[in-house]
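> The numbers in numbering that gives the first Met the number 0 rise by one with no breaks, and the one at position 257 of the sequence shown is 256. We put the CB at the ideal spot given by N, CA and C, even for glycine. From a predicted model like this one, the values you see are computed outputs, not experimental measurements. One structure is given below, represented as structure tokens, and several questions about it will come after.
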Amino acid sequence: MLSYDVCECGAPLQRIERETPQPKGAEVVLRVIAAGVCHSDLHIWDGYYDIGGGQKLRLQDRGVKLPLTMGHENVGEVIAKGPDAKGVSVGDVRLIHPWMGCGECVVCRRGEENLCVKPCSVGIHRGGGFATHVLVPHSRYLFDIGSLAPERAAPLACSGVTAYGALKKVSDTLRDEPVVMIGAGGVGLMALALHGKMGGKSTIVVDIDPAKRAAAKAAGAGVVIDGSAKDALDQIRAATGGGAWSVIDFVGAGATVKLGVDATIKGGKVVVVGLFGGDVTISTPFFPMKALTVQGSYVGSLPEIAELLELVNRKGAPDVPVATRPLDQVNAALNDLRDGKVIGRVVMTP
């Protein structure tokens with residue numbers, strides 16, 4: 000098999016050839032058909048997250064080891080399976096749910112392996128899809144994509160389930176009040192597309208990039224606001240009739256979280272999804288005085304990916320721009336994403 004691996008953080012991915020894995024027990028081997036490029040890959044490639052105050056959370060402290068084959072948004076064809084693998088057959092095309100835990104703790108047993116304290120996620124802790132083949136430890140992580148095109152289905156494994164999980168957290172007001180979305184990158188545009196399929200009322204999208212604001216407007220955003228404008232907060236308050244009931248921050252910078260908190264009305268909720276990094280100061284009296292909720296949302300669970308695929312197969316694939324590129328252009332694709340040149344999603348096709 001062929002893969003492109005992070006051998007040194009920040010350095011170009013290296014082309015590596017190794018033996019194609021042979022499945023044992025409940026393992027399944029898939030030939031990769033489509034592998035999405037996610038903004039999280041940039042953090043993994045760099046080897047750290049910015050946690051503010053000049054501090055870094057290094058991925059090696061979270062069990063990430065090099066060399067690493069990234070790529071956690073994958074669709075593949077089953078080419079081999081272990082004797083204990085059930086529910087799949089050779090030739091099946093499946094979406095891989097990448098957010099894997101230990102499979103044994105209380106969190107995993109309730110289906111929330113994405114929150115396990117011993118993660119072994121595809122493309123982060125174990126080999127991912129920037130390769131010709133990928134080994135999956137159990138068939139429970141494989142989902143039928145129905146009639147979806149592989150390049151459309153692959154981003155659902157992260158971008159899709161992340162957006163879906165965040166939208167579920169504001170479901171109490173989704174159908175009655177506008178949702179403010181900060182950031183119109185791949186996940187933000189996915190959330191915009193899923194919002195309508197989930198019965199949402201309207202959206203207000205905030206982004207500093209005019210091209211991404213234009214993409215959001217073309218995708219159906221009711222209002223788009225320049226996040227760098229001096230009166231951005233006033234514009235959000237005006238568009239929401241006094242303040243937002245729900246803000247989803249797909250950037251996760253100190254300034255964007257602060258904007259989201261300031262934009263809420265009494266009883267409002269801010270859901271932080273993005274991993275841009277930084278820190279924020281919030282006056283503690285605002286929590287009780289505004290009945291404020293600030294909640295994190297980390298990717299999605301096994302039940303949520305199943306719910307998302309049911310929704311998409313019933314109401315159609317999210318209309319998010321998707322561009323495909325051959326696997327040998329993965330370094331260029333990552334650099335284009337870092338430079339802000341990507342609208343929607345790039346999917347590698349080995």
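Thinking ASP179 and VAL246 are a contact (beta carbons under 8 Å), I'd like their distance in whole angstroms, please.
Stepping through the sequence shown from its first residue, residue 179 is reached at position 180. Stepping through the sequence shown from its first residue, residue 246 is reached at position 247. Note that residue 179 corresponds to Val in the displayed sequence, not to Asp. So it is a contact: roughly 4 Å between Cβ atoms.
> Which two residues bound the contiguous beta strand (DSSP E) that contains TRP98?
Indexing the sequence shown from 1 puts residue 98 at position 99. No beta strand (DSSP E) contains TRP98, which DSSP labels as neither H nor E.
> Please list the terminal residues of the continuous beta strand (DSSP E) segment that includes THR224.
Stepping through the sequence shown from its first residue, residue 224 is reached at position 225. Looking at the sequence shown, residue 224 is not Thr but Ile. Where ILE224 is concerned, the enclosing beta strand (DSSP E) stretches over 222-225.
> How about the region 72-86 and the region 19-36: do they share at least three Cβ pairs that are nearer than 8 Å?
The region 72-86, when compared against the region 19-36, does touch it at the 8 Å Cβ threshold.
> Restricting to runs no shorter than 4 residues, where is the alpha helix (DSSP H) found entirely within the region 157-211?
Counting whole runs of 4 or more residues, the region 157-211 contains the alpha helix (DSSP H) stretches 158-167, 170-173, 185-196.
> Figure out for me which residue from CYS107, PRO136, VAL116, GLU176 has the closest Cα to the Cα of PRO20.
For the purposes of this step, residue 20 is taken as the residue at position 21 of the sequence shown. Looking at the Cα atoms, PRO136 is the closest of the given residues.
> For PRO11, which residues of its own chain have a beta-carbon under 8 Å away from its beta-carbon, when the five flanking residues on both sides are left out?
Your numbering for residue 11 matches position 12 in the sequence shown. Correct list, in chain order: ASN330.
> DSSP on LEU301, reduced to helix/strand/coil?
Here the question's residue 301 lines up with position 302 in the sequence shown. Note: LEU301 maps to helix in three-state DSSP.
> Where do the N-terminal and C-terminal ends of the alpha helix (DSSP H) with PRO149 fall, by residue?
Reading the sequence shown from its first residue, position 150 is the one you call residue 149. Where PRO149 is concerned, the enclosing alpha helix (DSSP H) stretches over 149-152.
> Smallest Cα separation from VAL92: which of CYS115, VAL74, THR263?
Your numbering for residue 92 matches position 93 in the sequence shown. That would be VAL74, whose Cα lies nearest to the Cα of VAL92.
> Pick from CYS8, VAL260, ARG236: whose alpha carbon is nearest that of LYS64?
For the purposes of this step, residue 64 is taken as the residue at position 65 of the sequence shown. Looking at the Cα atoms, CYS8 is the closest of the given residues.
> Which whole-angstrom value is the C-beta distance of MET189 and PRO154, which I expect to be below 8 Å?
Taking the first residue of the sequence shown as 1, we reach residue 189 at position 190. Taking the first residue of the sequence shown as 1, we reach residue 154 at position 155. About 7 Å separates the two Cβ atoms, so the contact holds.
> Does the Cβ of ILE43 have 16 or more other Cβ atoms within 10 Å, making it buried, or fewer, making it exposed?
Taking the sequence shown and counting its residues from 1, the one referred to as residue 43 is at position 44. With 16 or more Cβ atoms within 10 Å of its Cβ, ILE43 is classed as buried.
> Less than 7 Å between the beta carbons of VAL204 and ALA215, yes or no?
Numbered from 1 along the sequence shown, position 205 holds the residue referred to as residue 204. Numbered from 1 along the sequence shown, position 216 holds the residue referred to as residue 215. Cβ distance < 7 Å, so VAL204 and ALA215 count as in contact.
> If we ignore side chains and look at the alpha-carbon of each, how far apart do GLU303 and VAL160 end up?
Numbered from its first residue, the sequence shown carries residue 303 at position 304. Numbered from its first residue, the sequence shown carries residue 160 at position 161. The straight-line gap from Cα to Cα measures roughly 7 Å.
> Give every residue of the same chain whose Cβ lies closer than 7 Å to the Cβ of HIS96, excluding the five residues on either side of it in the sequence, and list them in chain order.
On the sequence shown, residue 96 is found 97 positions in, with the first residue counted as 1. These residues qualify, in order along the chain: TYR140, PHE142, ALA156, LEU301, ILE304.
> For ILE15, which beta-bridge partners are listed by DSSP?
By one-based count along the sequence shown, residue 15 stands at place 16. In DSSP, ILE15 forms a bridge with SER2.
> Measure the Cβ-Cβ separation of GLY126 and THR68 and say whether it is below 7 Å.
Translated into the one-based positions of the sequence shown, residue 126 becomes position 127. Translated into the one-based positions of the sequence shown, residue 68 becomes position 69. A contact, by the Cβ cut-off of 7 Å.
> Please look up how many angstroms separate the CB atoms of LYS268 and GLN294, rounded, as I've assumed it's under 8 Å.
Sequence index remark: in the sequence shown, residue 268 carries index 269 (1-based). Sequence index remark: in the sequence shown, residue 294 carries index 295 (1-based). With a Cβ gap of about 7 Å, LYS268 and GLN294 count as contacting.
> Return the Cβ separation of LEU94 and ILE50 in integer angstroms, given the expectation that the two are a contact with Cβ distance under 8 Å.
Your numbering for residue 94 matches position 95 in the sequence shown. Your numbering for residue 50 matches position 51 in the sequence shown. So it is not a contact: roughly 31 Å between Cβ atoms.
> Tell me which residues share the same chain as ALA238 and place their Cβ nearer than 6 Å to its Cβ, disregarding the 5 neighbours each side in the sequence.
In the sequence shown, residue 238 corresponds to position 239, counting from 1. Cβ within range, chain order: ILE203, VAL222.
> Which residue's Cα is closest to the Cα of GLY62: HIS71, GLY70, GLU72, TYR47?
As a first step, residue 62 is located in the sequence shown; it is residue number 63 there, counting from the start. Cα-wise, what sits closest to GLY62 is TYR47.
> Run the CB neighbour count on PRO22, radius 10 Å, all protein chains shown included, and call it buried at 16 or more, exposed below.
Counted from its first residue, the sequence shown places residue 22 at position 23. Buried: at least 16 other Cβ atoms inside 10 Å.
> State the DSSP-derived secondary structure class of ALA214, mapped to helix, strand or coil.
Walking along the sequence shown from the start, residue 214 turns up at place 215. It is helical.
> Classify ARG309 as helix, strand or coil using the three-state DSSP reduction.
By 1-based counting over the sequence shown, the position of residue 309 is 310. In the sequence under discussion, the amino acid at residue 309 is Glu, which differs from the Arg named in the question. If DSSP states are grouped into helix, strand and coil, GLU309 belongs with the helices.
> Between GLY185 and the ligand SAM, is there a pair consisting of the residue's CB and a ligand heavy atom that are separated by less than 6 Å?
With respect to small molecules bound, the structure shown includes none, and the ligand SAM cannot be examined in it.
> Grab me the residues of ALA290's own chain with a C-beta within less than 7 Å of its C-beta, minus the 5 sequence neighbours each way, in chain order.
Here residue 290 refers to the residue found at position 291 when the sequence shown is read from its first residue. Around ALA290: LYS265, GLY266.
> Only counting the same chain, and skipping five residues up and downstream in sequence, which positions put a Cβ closer than 7 Å to that of GLY351?
Only positions 0 to 349 of the chain appear in this structure, which leaves residue 351 out of reach.
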